[in-house]
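J.:
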Amino acid sequence: MTQSAPTLRLRNSLTRGVEDVTPLDPTNIRLYLCGPTVYDRAHLGNARNVILFDLLFRLLRHDHGADHVTYVRNFTDVDDKIIARAAESGEDIADLTARTTKWFLDDMAALGTLTPTRMPRATDYIAQMVEMIEGLIASGHAYRADGHALFSVSSYDGYGALSGRSTDDMIAGARVEVAPYKRDPMDFVLWKPSDEDEPGWETSLGYGRPGWHIECSAMAKALLGPSFDIHGGGNDLMFPHHENERAQSCCADPDAGFASVWLHNEMLLVEGRKMSKSLGNFFTVRDVLDKGVPGEVIRFVFLSTHYSKPMDWTDRKAAEAVATLRKWRSIAADGGAPDQAVLDALRDDLNAPGAIAELHRIAKAGDGATLKASAALLGLLEDDMGAWADGGDEAVVEAVLAARVTARADKDWARADALRDGLVAAGVVVTDGKGRGWEAGPGFDPAKLEGLV
RNA sequence: GGCGAGUUGGCGGAGUGGUUACGCAGCGGAUUGCAAAUCCGUGUACAGGAGUUCGAUUCUCCUACUCGCCUCCA
């Protein structure tokens, strides 16, 4: 569709540098994002790479055409954490994963993320996993021991290249799981036996279930092929998850190379610490939404820090985002085209903060059409995301405004000032001469206007 | 201990070998009945040290500090 699509540059974890991305197939650019293990609500940090990949997806669709990008984001619905959670609550595993999958989709939709092209569930790809494991065993990259199938790390010279560590270093750390059946302490599980009361599949490998990592290798291969363009996730997945995925896939298809670019985002912080379940300092996306922070505001805050840097979530940032988005929404108009500088910023390693700076420039110039079309690349100012910015209860506000106009015309300054103070107290920002003449500001509460007129 | 990322003005946060980031807040002005909103103007900040260079916040090295991974984690 495009004669010469613009060049995208990305930071590739594999080479540790920002480089031009050359699509393997310009008519079908393929992305894979490690999706959630479904056993609970997604916490706010989980949203960061979803929003990052949504931005990437939007940009690629713009530059190459919507039909020329395939974006896969999986659900891992078989995992020991799921088994443990179900055992705690007594809930059926299928019900648990279905419920939390729905939660994830709802929460990510609230953040204005596009639906990926494909959203495979791991349990639908057991056969592909088994096939891959059998192949690895046949080629000597994996072995069976004590009912398990294990990947042999020493069989792959490239092991450690992604995360930048040698197996010697890792063993020196002495934090690897030791198991008597492992030939090498670093070897990891591809398949493990299940008890009667654990989920399992009867396969050529015996009754059991997959280990972590193999599901992504199998689903990526099934849906994108043995090689594809961009693979990503949080940088805490780089080791061991992505290192192991890469080892499996590269050994299963030695000539393919798996992912060309590895895109990792930095962590979300809370009070300077990584937000994580093990630290117990996390709150969910739903918590924030329920607190009254619109999804669009969350998205704006996330995009205002480059993905390669840690980001602190603060109420102050959210408040600033609210003000900016309200202002932008008041001037946004249809019929524009994306601004070149915004596109340039995004193509340069997804520099969303730089793009936002350009949006400020466009807004200041009063070009509402260009603003809206450009913001759409970042998933901002979309029509279906803006309900939060509507004032609501307009009649009450309009009545007070009208009364104030009358009072001012009568030069009844005392009454005019009283009405003005009432508006301010109710969080109404009077914008004489602009738009409808007022906006909902911080703490907007029309109930406080009762009795003023 | 190993590996990696980072340290920019009051706050947030880009970027660059020599010229303005940008936003918020602040300050000055215009406007206003007084305000608000709006508009105009305003801030030489780049952790410390050494080096390369005509010139470094921007490249190299060292130091300090912060954070992450090495164990489930996005």
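For the first sequence, position 188 (counting from the first letter as 1) is numbered 188 according to UniProt numbering, and the numbering increases by one without interruption.
Ideal Cβ placement from N, Cα and C applies to all residues, glycine included.
Which of the three DSSP states, helix, strand or coil, is assigned to A333?
T.: DSSP places A333 in coil when its eight states are reduced to three.
J.: Should G45 go down as buried or exposed, given a rule of 16 or more other Cβ atoms within 10 Å for buried?
T.: With 16 or more Cβ atoms within 10 Å of its Cβ, G45 is classed as buried.
J.: Give me the Cα-Cα distance between Y39 and A47, rounded to the nearest whole angstrom.
T.: For Y39 and A47, the distance between alpha carbons rounds to 16 Å.
J.: Would F75 pass as a contact of T115 if the rule is Cβ separation under 7 Å?
T.: For F75 and T115, no; Cβs fall outside 7 Å.
J.: Once DSSP output is grouped into helix, strand and coil, what is the label at R58?
T.: Helix at R58.
J.: Determine the direct distance from the alpha carbon of V78 to that of T37, and round the result to whole angstroms.
T.: If I take the Cα positions, the gap works out to 8 Å.
J.: Compute the beta-carbon to beta-carbon distance between M267 and D236, rounded to the nearest angstrom, for a pair I have assumed lies under 8 Å.
T.: Sure, about 7 Å apart at Cβ, within 8 Å.
J.: With a threshold of 16 other CB atoms inside 10 Å of the CB of V72, please say whether the residue is buried or exposed.
T.: Result: buried.
J.: Would you call L279 buried or exposed, if buried means 16 or more other Cβ atoms sit within 10 Å of its Cβ?
T.: Counting Cβ neighbours within 10 Å, L279 comes out exposed, since fewer than 16 surround it.
J.: Among the candidates N244, D107, L56, G160, whose CA atom is the shortest distance from the CA of V21?
T.: The shortest C-alpha separation from V21 is found at L56.
J.: For T305, which residues of its own chain have a beta-carbon under 7 Å away from its beta-carbon, when the five flanking residues on both sides are left out?
T.: Excluding sequence neighbours, T305 sits near M311, P353.
J.: Compute the distance between the beta-carbons of D184 and V153, then report whether it is under 7 Å.
T.: A contact, by the Cβ cut-off of 7 Å.
J.: State whether the region 141 to 152 contacts the region 241 to 252, with contact taken as three or more CB pairs (one from each stretch) at a distance under 8 Å.
T.: A contact exists between the region 141 to 152 and the region 241 to 252.
J.: Return the first residue and the last residue of the beta strand (DSSP E) that H148 is part of.
T.: First-last of the beta strand (DSSP E) with H148: 148 to 151.
J.: So, using beta-carbon positions, are L33 and N265 closer together than 7 Å?
T.: Contact flag unset, no.
J.: In terms of DSSP beta bridges, what is E202 paired with?
T.: In the DSSP output, where bridge partners are listed per residue, E202 has Y207.
J.: Classify S166: buried if its beta carbon has 16 or more other beta carbons within 10 angstroms, exposed otherwise.
T.: That one is exposed.
J.: For the beta strand (DSSP E) holding D229, just list the boundary residues, first then last.
T.: From DSSP, the beta strand (DSSP E) with D229 extends over 227 to 234.
J.: Within the continuous alpha helix (DSSP H) that includes N244, where are the two ends?
T.: From DSSP, the alpha helix (DSSP H) with N244 extends over 243 to 252.
J.: Using DSSP's beta-bridge definition, name the partner residues of W191.
T.: Answer is A149, P210, bridged to W191.
J.: Tell me the residue span of the beta strand (DSSP E) that contains L31.
T.: Element bounds for L31: 29 to 33.
J.: Apart from the five residues on each side of it in sequence, which residues of its chain come closer than 6 Å, Cβ to Cβ, to M1?
T.: Bear in mind that a pLDDT of 44 at M1, under 50, signals an unreliable position, so the model cannot answer this.
J.: By DSSP, does G158 sit in helix, in strand, or in coil?
T.: Correct three-state label for G158: coil.
J.: Any idea what DSSP makes of W413, helix, strand or coil?
T.: Helix.
J.: Please go through the same chain and pick out, in chain order, the residues whose beta-carbon is closer than 7 Å to the beta-carbon of I331, but skip the five residues on each side of it.
T.: Around I331: A363, G366, G368, L371.
J.: For G211, which residues of its own chain have a beta-carbon under 7 Å away from its beta-carbon, when the five flanking residues on both sides are left out?
T.: Taken in chain order, the residues that qualify are F188, V189, L190, W191, K192.
J.: My guess is that M132 and I214 are in contact by the Cβ rule of under 8 Å, so how many angstroms apart are they, rounded?
T.: Contact flag correct, Cβ pair sits at about 7 Å.
J.: Please check the pair R299 and G386, which I expect to be a contact at CB under 8 Å, by giving their CB distance rounded to whole angstroms.
T.: Actually they do not touch by this definition, with Cβ atoms about 12 Å apart.
J.: Quick check: the Cα distance between D255 and D63, rounded to an integer number of angstroms?
T.: Rounded to whole angstroms, D255 to D63 spans 29 Å at the Cα level.
J.: Mind checking E360: buried by the 16 CB within 10 Å criterion, or exposed?
T.: The sequence shown places His at residue 360, not Glu. With fewer than 16 Cβ atoms within 10 Å of its Cβ, H360 is classed as exposed.
J.: Return the first residue and the last residue of the beta strand (DSSP E) that H360 is part of.
T.: Not the beta strand (DSSP E): H360 falls in the alpha helix (DSSP H), residues 352 to 364.
J.: Can you list, in chain order, the residues of its chain with a C-beta nearer than 8 Å to that of A425? Leave out the 5 residues immediately preceding and following it.
T.: Counting only Cβ-Cβ distances below 8 Å, and skipping sequence neighbours, we find K448.
J.: As a quick exercise: from W313, V397, S139, L350, pick the residue whose alpha carbon is nearest that of V429.
T.: Ranking the options by Cα distance to V429, first place goes to V397.
J.: Cβ atoms of L60 and V69: under 7 Å apart, would you say?
T.: Contact: yes.
J.: On a Cα-Cα basis, can you pick out the residue from A319, K274, Y307, E19 that is closest to K291?
T.: The option with the nearest alpha carbon to K291 is A319.
J.: Less than 8 Å between C-beta atoms, sequence neighbours within five positions excluded: which residues of the same chain meet that for G336?
T.: Excluding positions up to five away in sequence, the list reads D367, G368, A369, T370, L371, K372, A373, S374.
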